[in-house]
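Step one of this worksheet: look at the structure below.
Chains as they are written, first to last, in my numbering: chain B, 3 to 295; chain C, 12 to 487.
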């Protein structure tokens, strides 16, 4: 490699090298500019959330750079004293956590069966599940609303949880089956020889070994459900909605509610961003494996 | 960026790739230890189906039951019901034939949605992928590439609702509030200077007459007799820091004069006379017009005075309309004509990072020797990129494009949040129309179901490609 490198260097003339240097500088400048450009919208919201309503109506968020005295936590006080929004955060958690745990659990059970248990038509069943990967949630909105209505769980948290679980399953089964299938057979057989039953095998060997895949799946599903608005809009209790719907209800009077919207949007972003920064690796692999939804 | 290398978990790669795609940075799912090892249908008839681990199939059924029950009730059954419902009328009692489908393709609002969806599906994925490709290739060469990637990838973690609120703020029409228009107006004004005193005008038409926004003196000016051009109505913010107006200095043989705000705070000034303390209007263009032709022009100084050459002697003085034009107010981003491109911009902001990370992972697996070989052969960087890198990345680019297309097909939240009520119909997309038809303002669940079935049909090819790929891997 080094010899090749020097060969290349030697071949390039001085002007070409200068051009290369200049190009490198331009490229760096370009990337810095793009990076700032990408940050600007978020920074705008962040700074807006720390200005009061009057200032937001009068001038742009960039004014705080020349008038730092405008910075205030007033919007957040308003937000924290707003019961609807605060309660909606709890609702979001009450939807997201069960929907994530259920998908992982149910998906892992099925994934294990598809990877290691034998039953008639196994491959066909698996294909059928994978085929459901790309089914748009929109197809299920009307029928499931009807179904939930007759079950009495329309506009309720359990309904939202079930819906998210069902639509998270194809990806969960797909991801986990493929991961479980890579577990060395000897490990399972050894555990079996030690007298472990099927359930024990699943809980004590397969689940722990599936850690990385389960983490990816869990984070992906967590963010998916936390950030969802459409399904919550239809299936959640409109008197007790999750944060996305609670904020959405304020959007139509955008200017009037800008204080709650800006600070609320930031609050709703805090958890996903924390998850993102803490579990970047798993998040990326989850996204890479399944952003099809 | 260590994150780009897919972690062990994604041992399966993206599920949507075209049949022959090697998933980026990952091995296929069928390792040597995979499944039963025996190809084809497992449970041969007559033989008691037992797993290699010695399980009875009813145990397997127990493991599968929760997943299959949920999928059956909430995914498979709804597909069937939606198809059935799409042939019923609004009330759900009568058979409607293909009327609902006909409405999808004839109703004005749904046609707009269809048209917008076509724009979305063509533009958004290709722009996001192109940007992702550029970013992935460039960040490979800088040491802080990881930081850049995090910045661009971060929006993927937030909700479309939050992104929507962020961009409502970005696209505010008022350039004093919306950053997009602030920048736009800034650039515009750099190339075309804004009017110094929008809205300023003479108090009455005794000295100056108005024509097409310009103000012209009633009488000709003479060298040696200072011209007075009194105006009122200049906005206080345009007068910040203005000096007091002065009578012009004598200049032999030249035409001189003063432009000022003929208004004394608290009253008391004499109209048409430069009273002490009255503010000068700086930067106003003054033209000398003779027989309808501009013969000379000057700009007023900080004290409001201007000096015109001798040629202006005996001409009329005119203050062109450009001095008083209303300020340029930027683009109406969320107005009817630009609302869809504007929302697509927000989408690209969210998803270019996704394309970048996937492409970067693909790039990491491109053999360096190939690139070096091309360079040794004298190819420049652009040729290497165009002829070697891009073709090698083609499968990954395909995966990214298809994934984004499926994603864009169902776009809802961003449109619903960003488009203001007035242009919501212009920004309409199928998923939004489906929501409106099914649960919103114009309830007709027959039409809603028809749109749902239509969306499903559009993703069917991808489903088939997925299945074919998996079957191929199984048979290997």
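Using N, Cα and C, we set each Cβ at its ideal position, and we do this for glycine too.
Check your understanding: According to DSSP, is residue 475 of chain C helix, strand or coil?
Key -> Helix.
Exercise for review: Identify every residue that forms a DSSP beta bridge with residue 266 of chain C.
Suggested key: Residue 266 of chain C pairs with C/319.
Check your understanding: Would residue 433 of chain C be called buried (16 or more neighbouring beta carbons within 10 Å of its own) or exposed?
Key -> Within 10 angstroms of the beta-carbon of residue 433 of chain C lie fewer than 16 other beta-carbons, which makes it exposed.
Check your understanding: To the nearest angstrom, how far is it from the Cα of residue 229 of chain C to the Cα of residue 220 of chain C?
Key -> Between residue 229 of chain C and residue 220 of chain C, the alpha-carbon positions lie close to 7 Å from each other.
Point to revise | For residue 433 of chain C, the first and last residue of its enclosing beta strand (DSSP E) | key: Bounds of any beta strand (DSSP E) do not take in residue 433 of chain C, whose DSSP letter is neither H nor E.
Check your understanding: What are the residues of the stretch 123–150 of chain C that lie near chain B, defined by any Cβ-Cβ distance shorter than 8 Å?
Key -> Residues of the stretch 123–150 of chain C with a Cβ closer than 8 Å to any Cβ of chain B, in chain order: 146, 149 and 150.
Review point. Taking the Cβ atom as the reference point for each residue, do residue 290 of chain C and residue 238 of chain C lie within a distance shorter than 8 Å?
Key: When the beta-carbon positions are compared, residue 290 of chain C and residue 238 of chain C stay at least 8 Å from each other.
**Study point:** Secondary structure of residue 151 of chain C, DSSP reduced to three states
**Key:** In this structure, residue 151 of chain C counts as coil in the three-state DSSP scheme.
Point to revise | C-beta contact flag for residue 425 of chain C and residue 167 of chain C at 8 Å | key: No, these two residues do not count as a Cβ contact at 8 Å.
Exercise for review: Could you tell me how far apart the beta carbons of residue 106 of chain C and residue 98 of chain C are, in whole angstroms, since I believe they sit closer than 8 Å?
Suggested key: Sure, about 6 Å apart at Cβ, within 8 Å.
Review point. Taking any Cβ of chain C, which residues in the stretch 131–146 of chain B have a Cβ under 9 Å from it, in chain order?
Key: Here the close residues are 131, 132, 133, 134, 135, 136, 137, 138, 139, 140, 141, 142, 143, 144, 145 and 146.
Review point. Can residue 93 of chain B and residue 159 of chain B be called in contact, C-beta distance under 8 Å?
Key: For residue 93 of chain B and residue 159 of chain B, yes; Cβs fall inside 8 Å.
**Study point:** Short-range partners of chain B found in the stretch 193–216 of chain C, where Cβ spacing is below 8 Å
**Key:** Within the stretch 193–216 of chain C, the residues whose Cβ lies closer than 8 Å to some Cβ of chain B are 193, listed in chain order.
Review point. Going by the beta-carbon positions, is the gap between residue 219 of chain B and residue 133 of chain B smaller than 8 Å?
Key: For residue 219 of chain B and residue 133 of chain B, no; Cβs fall outside 8 Å.
Exercise for review: Give the C-beta separation of residue 370 of chain C and residue 103 of chain C to the nearest angstrom, bearing in mind that I take them to be a contact with Cβ-Cβ under 8 Å.
Suggested key: Contact between residue 370 of chain C and residue 103 of chain C does not hold, since the beta-carbon distance rounds to 47 Å and is not under 8 Å.
Point to revise | residue 98 of chain C - DSSP class collapsed to helix/strand/coil | key: Three-state DSSP puts residue 98 of chain C in coil, outside helix and strand.
Review point. By DSSP, does residue 75 of chain B sit in helix, in strand, or in coil?
Key: In the structure shown, residue 75 of chain B adopts coil according to DSSP, grouped into three states.
Exercise for review: Could you list the residues in the stretch 239–256 of chain B with a C-beta less than 8 Å from some C-beta on chain C, going in chain order?
Suggested key: Cβ contacts with chain C: 246, 249, 250, 253, 254 and 256.
Review point. First and last residue of the beta strand (DSSP E) that includes residue 221 of chain C?
Key: Where residue 221 of chain C is concerned, the enclosing beta strand (DSSP E) stretches over 219–222.
Review point. Are the stretch 341–356 of chain C and the stretch 434–448 of chain C touching by the rule of at least three beta carbon pairs closer than 8 Å?
Key: Using a C-beta cut-off of 8 Å, the stretch 341–356 of chain C makes contact with the stretch 434–448 of chain C, since at least three inter-stretch Cβ pairs fall below that distance.
**Study point:** Which residues DSSP lists as bridging residue 239 of chain C, in chain order
**Key:** Residue pairing by DSSP puts residue 239 of chain C in a beta bridge opposite C/269.
Point to revise | Where residue 250 of chain B falls, given that 16 or more other Cβ within 10 Å makes a residue buried | key: Classification for residue 250 of chain B: buried.
Check your understanding: By the 10 Å Cβ neighbour count, where 16 or more other Cβ atoms means buried, how is residue 475 of chain C classified, buried or exposed?
Key -> Residue 475 of chain C should be labelled exposed.
**Study point:** Beta-carbon neighbours of residue 246 of chain C, restricted to chain B and to distances below 8 Å
**Key:** Neighbours of residue 246 of chain C on chain B: none; closest Cβ ~15 Å, over 8 Å.
Exercise for review: State yes or no: is the beta carbon of residue 163 of chain C nearer than 8 Å to at least one beta carbon in chain B?
Suggested key: Yes, residue 163 of chain C lies at the interface with chain B (some Cβ there is under 8 Å from its Cβ).
Point to revise | Chain-ordered chain B contacts of residue 338 of chain C [CB-CB under 8 Å] | key: Here the premise fails: no neighbours, minimum Cβ distance about 15 Å.
Check your understanding: Below 8 Å between beta carbons: does that hold for residue 294 of chain C and residue 308 of chain C?
Key -> Contact annotation: residue 294 of chain C and residue 308 of chain C have beta-carbon atoms that are not nearer than 8 Å.
Check your understanding: Is the stretch 197–217 of chain C close to the stretch 230–249 of chain C, with three or more CB pairs under 8 Å?
Key -> By the Cβ rule, the stretch 197–217 of chain C counts as touching the stretch 230–249 of chain C, because three or more pairs are nearer than 8 Å.
Check your understanding: Thinking C-alpha only, which one of B/188, B/278, B/268 and B/277 is nearest residue 81 of chain B?
Key -> Measuring from the Cα of residue 81 of chain B, the nearest candidate turns out to be B/268.
Check your understanding: Could you give the distance in angstroms between the alpha-carbon of residue 35 of chain B and the alpha-carbon of residue 163 of chain C?
Key -> In this structure, the CA atom of residue 35 of chain B is about 12 Å from the CA atom of residue 163 of chain C.
Practice item. Compare the C-beta of residue 259 of chain B with all C-beta atoms of chain C and state if any pair is closer than 8 Å. Key: Taking Cβ atoms only, chain C never reaches closer than 8 Å to residue 259 of chain B, which makes this a no.
Exercise for review: Answer with yes or no whether the minimum CB distance from residue 110 of chain C to chain B is below 8 Å.
Suggested key: Contact with chain B is absent for residue 110 of chain C, since none of that chain's Cβ atoms lies less than 8 Å from the residue's Cβ.
Review point. Name the chain B residues whose beta carbon is nearer than 7 Å to that of residue 92 of chain C?
Key: Near residue 92 of chain C (Cβ distances below 7 Å), the residues of chain B are 145.
Review point. Exposed or buried, residue 255 of chain B, counting other C-beta atoms within 10 Å across all chains shown (16 or more means buried)?
Key: Residue 255 of chain B comes out exposed.
Point to revise | Span of the beta strand (DSSP E), counted from its first residue to its last, around residue 297 of chain C | key: Where residue 297 of chain C is concerned, the enclosing beta strand (DSSP E) starts and stops at 296–301.
Exercise for review: Output the boundary residues of the alpha helix (DSSP H) element that contains residue 275 of chain C.
Suggested key: That residue, residue 275 of chain C, is in no alpha helix (DSSP H); it is neither H nor E in DSSP.
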